[in-house]
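J.: This is the structure I want to talk about, given as structure tokens.
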Amino acid sequence: MARFEKTCRLCDDGVSQLDYKDVDMLERFISDRGKILPRRATGCCSRHQRQLSQCVKRARYLALVPYIKGYQG
């Protein structure tokens, strides 16, 4: 049985540093509930996954990305 190995999309694109202000890119790595997707789902390497989670947390703090999507309160 052959295993399918994911490659990091960010490494393939040549991204060295992620930016928390790039909301469109960050939303690809957030679930429909607003949670950060795990590494096994995103396919990112550990370096980019750590950067990704830090950027999402910063963007949430600055209200660029919502904590909970679809929240009506």
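To convert, note that position 54 of the sequence shown is 130 in the numbering used here; the numbers rise steadily by one, no gaps.
Heads up, the beta-carbon is just placed ideally off N, CA and C, and yes, glycines get one too.
1) Let's see if you can read the secondary structure: which residues bound the alpha helix (DSSP H) around Gln130?
2) Assign Tyr147 to one of two classes, buried (16 or more other C-beta atoms within 10 Å of its C-beta) or exposed (fewer than that).
3) Output needed for Arg85: all residues of its chain with C-beta closer than 6 angstroms, excluding positions within five of it in sequence on either side, in chain order.
4) What does the Cβ neighbour count give for Ala139, buried or exposed, with the cut at 16 atoms within 10 Å?
5) Buried or exposed, going by whether 16 or more other CB atoms sit within 10 Å of the CB of Ile182?
6) Measuring straight from C-alpha to C-alpha, what distance separates Val141 and Leu113?
T.: On the basis of the data shown:
1) Ser122 to Tyr137
2) exposed
3) none
4) exposed
5) Any property of residue 182 remains undetermined from this structure, which presents the chain solely from 77 to 149.
6) 14 angstroms
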